[in-house]
Amino acid sequence: MFGIGFAAPWLLLGLLALPVIWLLLRAVPPTPRKQVFPAVTLLLGLEDKTAQADRTPWWLLLLRLLAVAALIVGFAGPVLNPDGQATKTGRLLVFVDDFWPAVSDWAQRIEAIETQLDNAQTAGRPVALVLASKTELSGVDQTVDWQAADIWKASLAGLRPVAWDAAYGTVEGWLLSDQATDVLWLSDGVKRDGRAELLSQFEQLGAVEVLEPPSARLGLLPAKLDGGDLVLSILRSRTGASADLTIEAIGPDPEGVERVLLSTPTQFNENADRVELRFTLPSELRNRITRIQITDHRAAGAVTLADDSLRRRRVALLNTVGEREGLELLSPLHYLREALATTAEIIELPTLSELIKASPDVVILPDVATFSDADRASLTGWIEQGGLLLRFAGPLLASADLGQGVTDDLLPVRLRAGGRVVGGAMSWGDPRALASFPESSPFFGLTVPDDVRVEAQILAEPGPDLADKTIATLSDGTPIVTRRAIGAGQVVLFHVSANAEWSSLPFSGLFVQMLERLAVSSQGAARDSVALEGTTWVATQVLDAFGQLSPQDAAAGVPGNMLVNPVGPSLAPGLYADGDRVQAVNVLRSDSTLERTDWPAHVTTSWQVDEKQQEFGPWLLAAALLLGALDVVLTLMLAGRLRPAARHAAMGAVAALALMTTTTSVEAQTDTDPNVLEAAGIVTLAHVLSGDADIDRIAQAGLKGLTDQLFMRSSVEPAPPVAVDIENSDLSVFPMLYWPLTDQTPIPSPDAIVRVKRYLAAGGLILFDTRDAGVGGNSSTSRRLRAVALPLGLPLLDQVPHDHVLTRSFYLLQEFPGRYRGPVWAEAPPPDAERAEGMPFRNLNDGVTPVIVGGNDWASAWAIRDDGRPMFPVGRGQAGERQREMAVRFGVNLVMHVLTGNYKSDQVHVPALLERLGE
68 MFGIGFAAPW LLLGLLALPV IWLLLRAVPP TPRKQVFPAV TLLLGLEDKT AQADRTPWWL
128 LLLRLLAVAA LIVGFAGPVL NPDGQATKTG RLLVFVDDFW PAVSDWAQRI EAIETQLDNA
188 QTAGRPVALV LASKTELSGV DQTVDWQAAD IWKASLAGLR PVAWDAAYGT VEGWLLSDQA
248 TDVLWLSDGV KRDGRAELLS QFEQLGAVEV LEPPSARLGL LPAKLDGGDL VLSILRSRTG
308 ASADLTIEAI GPDPEGVERV LLSTPTQFNE NADRVELRFT LPSELRNRIT RIQITDHRAA
368 GAVTLADDSL RRRRVALLNT VGEREGLELL SPLHYLREAL ATTAEIIELP TLSELIKASP
428 DVVILPDVAT FSDADRASLT GWIEQGGLLL RFAGPLLASA DLGQGVTDDL LPVRLRAGGR
488 VVGGAMSWGD PRALASFPES SPFFGLTVPD DVRVEAQILA EPGPDLADKT IATLSDGTPI
548 VTRRAIGAGQ VVLFHVSANA EWSSLPFSGL FVQMLERLAV SSQGAARDSV ALEGTTWVAT
608 QVLDAFGQLS PQDAAAGVPG NMLVNPVGPS LAPGLYADGD RVQAVNVLRS DSTLERTDWP
668 AHVTTSWQVD EKQQEFGPWL LAAALLLGAL DVVLTLMLAG RLRPAARHAA MGAVAALALM
728 TTTTSVEAQT DTDPNVLEAA GIVTLAHVLS GDADIDRIAQ AGLKGLTDQL FMRSSVEPAP
788 PVAVDIENSD LSVFPMLYWP LTDQTPIPSP DAIVRVKRYL AAGGLILFDT RDAGVGGNSS
848 TSRRLRAVAL PLGLPLLDQV PHDHVLTRSF YLLQEFPGRY RGPVWAEAPP PDAERAEGMP
908 FRNLNDGVTP VIVGGNDWAS AWAIRDDGRP MFPVGRGQAG ERQREMAVRF GVNLVMHVLT
968 GNYKSDQVHV PALLERLGE
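Oh and the sequence shown: position 359 is 426 in this note's numbering, straight run, nothing missing.
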């Protein structure tokens, strides 16, 4: 709410003196004007054309009183939108809901916390900052860290929400104290268990104030398939007026570039808290979808990830006999159709060449024994490119000599002649059951029904590698399913037929489950704990609280039955893989709800974070000074002491003073970082804070050394380098950013990504330095670089060619070493760049490359100590010093490239360059 407060309200008592000042000024006549008179006789009969009042004019008195009043009120420290916390004493506990629903106004929450810390610092109050996600650790020995407000302020930049939601824990035992403590609760507005109990504990400490946003929180339930349609449910936590929003489906295009595949508007009806959408999409488009999100609503709960349950794989069945009436139950194709009908897109064609041209994900061959040379070559090539060939045995394969004694490219193992029959009059014994699946098998964890029996099979030729290729056996150890990798794909053989002639397996639900485990078909619905039992999954991409999906490196395996649990500290939302299968773990589950908080009647919530506290005392003091100057001028004019020519100069001086005071007051109110203000007027190099104090110290020293070299070697005279925080700093004033990376470098938030993209689009340059000696993608730092750079949408990169303008922007260089020597990448040149006649260089990069990537640790090579000596050694002896010199020259060239662009590509420089090159 709007209000006015005062830092020193007792000074306002001075306003009571204004009536007395008024009476005094009215009672005291103005200073008489001295006039040298001639002889009195000469004045006889003359009439005085000007009359001098015996009292000060009322409007001049009013002007003086206004000046005095502005002076008194200005010194009293008036404040707009004062915060009541500023006048309180005692301890302050700031409790923050940091679950994903708080993301949409996270920046405002940080500002609100900073305001509270400023007030606490002024009042000298000890502060504790507690995150709601930490209360889940109830029962663990925890303590609250009470610190000075300025210490907490320094850590706000690293405060991040979590990508999950959970019930509140208890703070009992955390806050045991006999000191009165005020509590400020920054709620996210979402109902969850444990709120009433937590509020009761806080009220036992002292007064509780709740800040809660009035806007609704939005969420997406996991998408599902219904009759081939994609069904999506959207939730909001608060009902009310109708609201428009847009849903986006995102995935790779045919060239592998991620883009919006579908965008559709929708609307919450008035007082509705749920809306359902249904999409009818071609399978090709639906299979490309990797995630669905609410446009312009960045939050983990507003994103649903797609997995195998939304993708119907294209399964090709070779049908060479067509349909024959009355024999359907004997056809292997019938059982395969029934197993795949609801979970896969089935393609049936009579020839292999036609099947391959249909670009299926899987080809199934039921009892096919022979191939033409052309079919064999095309099928082998298709498998090597990632296809899955699934073959079933039968009478034809048993009677053929295919794979008998020799290795066949389209079979996983060598086969023995004939087949094996069990359970008949001439059999080797009773029908065999399937053995339990071993841990190495993709079928591990599936329950084998007791009624599954095998009466006939094709036998595999014993060999040293047979055990490694076997993924299912009978109870006597005989292989029943074998598999072999071929290139990027694989071939799998069921040693029984696909119909019920040789076994009862096609009758059972296990048959469908085994096909799903082989990634032949999609699940069609979310996998339950039974389907996931016995499997191990590895996170490949993880979703953060802002809804940003990032690659995950070297993640530990997660038991499959844990994936059905709610996300939390031990289970991050994201995409998990088990071989070719993908399982999405979303923040919201199909039964999740999103409801607004229900506070007791005595708790009043507000949301005043947008109403910043503003001091306008400097404005009043400036106004008092201006009114005083105006009073002097008007008084001199009334006394006749200003000649007409001087009056204009005096009024001009008053106007100039008004402009100066206004400018000063505006500068007093601005929150702009002084470093940014200085960088706007002079070239300033900057480095991005990495979160590692040692790395940041080296980066600062490195840019300091490069700045000194630029000052000595060129006409560029940079200001001292500064550190920037991409989450909060204004980047537009810096021509270049040096960004050192570690394996723990935080992924930029969506707001920071937008800020960096704008910086690059405006002509800025970022030098990414992994500091790993250019080992490429094998280091953890390089993998972190990919995660950081992926959302920035950087252009295609290539190693810097020998004729790039960077090689000659100041010095002539052929390599760009730092403390290490390694390759350096920049924006790839256009494919049609050609060398013009008379020029030794191609016309590359018509502007400045927006990014340069390397791992040569340039900052360490540039870094200097306070005494000017190098901070780190480079190489050995004279060769090392030569390498340091080349590193400095690269830095100079880089800055010149940033400041001059393609200036050195102009033909006017060709003669001088040719002379230098000795050509």
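In this text, a Cβ means the ideal position worked out from N, Cα and C, and glycines have one as well. Nothing here was measured: the structure is a model prediction, and the numbers come from that model.
Which residue from the options puts its Cα closest to that of residue i?
i: Leu85; options: Ile359, Arg131, Gly935 and Leu127; result: Arg131
i: Asp797; options: Ala786, Thr812, Asp810 and Gly831; result: Gly831
i: Pro280; options: Asp255, Asp518 and Ile301; result: Asp255
i: Leu292; options: Leu348, Trp252, Thr331 and Ile538; result: Leu348
i: Ile317; options: Glu270, Asp340 and Val370; result: Val370
i: Gln608; options: Gly947, Arg853, Phe883 and Leu694; result: Arg853
i: Phe346; options: Thr333, Ala169, Ala308 and Val750; result: Thr333
i: Pro813; options: Leu827, Ala828 and Ile793; result: Ile793
i: Ala668; options: Ala224, Glu181 and Val277; result: Val277
i: Val43; options: Thr331, Asp440, Asp934 and Thr774; result: Residue 43 is absent from the model: the chain starts at 68 and stops at 986.
i: Pro785; options: Asp518, Ala954, Tyr887 and Val750; result: Val750
i: Ala283; options: Pro289, Arg764 and Arg305; result: Arg305
i: Trp604; options: Thr437, Leu352, Thr672 and Gly646; result: Gly646
i: Ala527; options: Thr202, Leu482, Gln271 and Pro399; result: Leu482
Would you mind sorting residue i into buried or exposed? The rule is 16 or more other CB atoms within 10 Å of its CB.
i: Leu630; result: buried
i: Met779; result: exposed
i: Asp611; result: buried
i: Leu253; result: buried
i: Ala903; result: Only weak support is given to the placement of Ala903: the predicted model assigns it a pLDDT of 49, under 50, and the value that follows is read from those uncertain coordinates. Result: exposed.
i: Pro626; result: exposed
i: Gln881; result: exposed
i: Leu397; result: exposed
i: Val324; result: exposed
i: Ile356; result: buried
i: Val429; result: buried
i: Ser972; result: For Ser972, the pLDDT reaches just 48, beneath the cut-off of 50, and the residue's location in the model is therefore unreliable, although a value from the coordinates is still provided. Flag for Ser972 reads buried.
i: Ile218; result: exposed
i: Thr540; result: buried
i: Thr837; result: buried
i: Ile71; result: exposed
i: Leu90; result: exposed
i: His869; result: exposed
When DSSP builds the beta bridges, which residues end up paired with residue i?
i: Glu451; result: Answer is none; Glu451 lacks a bridge partner.
i: Thr237; result: Its beta-bridge partners do not exist; DSSP assigns none.
i: Val298; result: Lys291 and Arg345
i: Tyr643; result: Ala606 and Gln650
i: Pro868; result: None, per the DSSP bridge assignment.
i: His252; result: The sequence given here places Trp at residue 252; His does not occur at that position. Trp252 pairs with Phe162 and Val277.
i: Met581; result: Its beta-bridge partners do not exist; DSSP assigns none.
i: Pro433; result: Phe459
i: Ala411; result: Arg380
i: Ser282; result: Ser282 pairs with nothing; no bridge assigned.
i: Leu329; result: Ala316
i: Asp311; result: Gln334
i: Glu682; result: Val146
i: Asp933; result: Paired residues: none, contrary to the question.
i: Asp363; result: In DSSP, Asp363 forms no bridge with anything.
i: Val918; result: Ile833
Would you please state the rounded distance, in angstroms, between the beta carbons of residue i and residue j? I believe it to be under 8 angstroms.
i: Pro427; j: Arg458; result: Not really, about 15 angstroms apart at Cβ, beyond 8 angstroms.
i: Leu456; j: Leu446; result: 7 angstroms
i: Ala893; j: Thr874; result: Their Cβ separation, rounded to whole angstroms, is 11 angstroms, which puts Ala893 and Thr874 out of contact at 8 angstroms.
i: Asp698; j: Leu127; result: 7 angstroms
i: Phe166; j: Val197; result: Contact flag wrong, Cβ pair sits at about 14 angstroms.
i: Val558; j: Leu478; result: 7 angstroms
i: Met803; j: Leu857; result: About 22 angstroms separates the two Cβ atoms, so there is no contact after all.
i: Leu808; j: Ser757; result: 7 angstroms
i: Arg956; j: Pro937; result: Actually they are not in contact, since the Cβ atoms of Arg956 and Pro937 sit about 15 angstroms apart, beyond 8 angstroms.
Discussion item. To test your reading of the DSSP string, which unbroken beta strand (DSSP E) runs of 3 or more residues are found completely within the region 752-812?
Written reply: Within the region 752-812, the complete beta strand (DSSP E) runs of at least 3 residues are 786-791 and 803-807.
Item to complete: Jot down the residue ranges of each uninterrupted beta strand (DSSP E) in the region 484-567, minimum 3 residues, whole runs only, in chain order.
Response: Complete beta strand (DSSP E) runs here, min 3: 537-540, 546-553 and 556-561.
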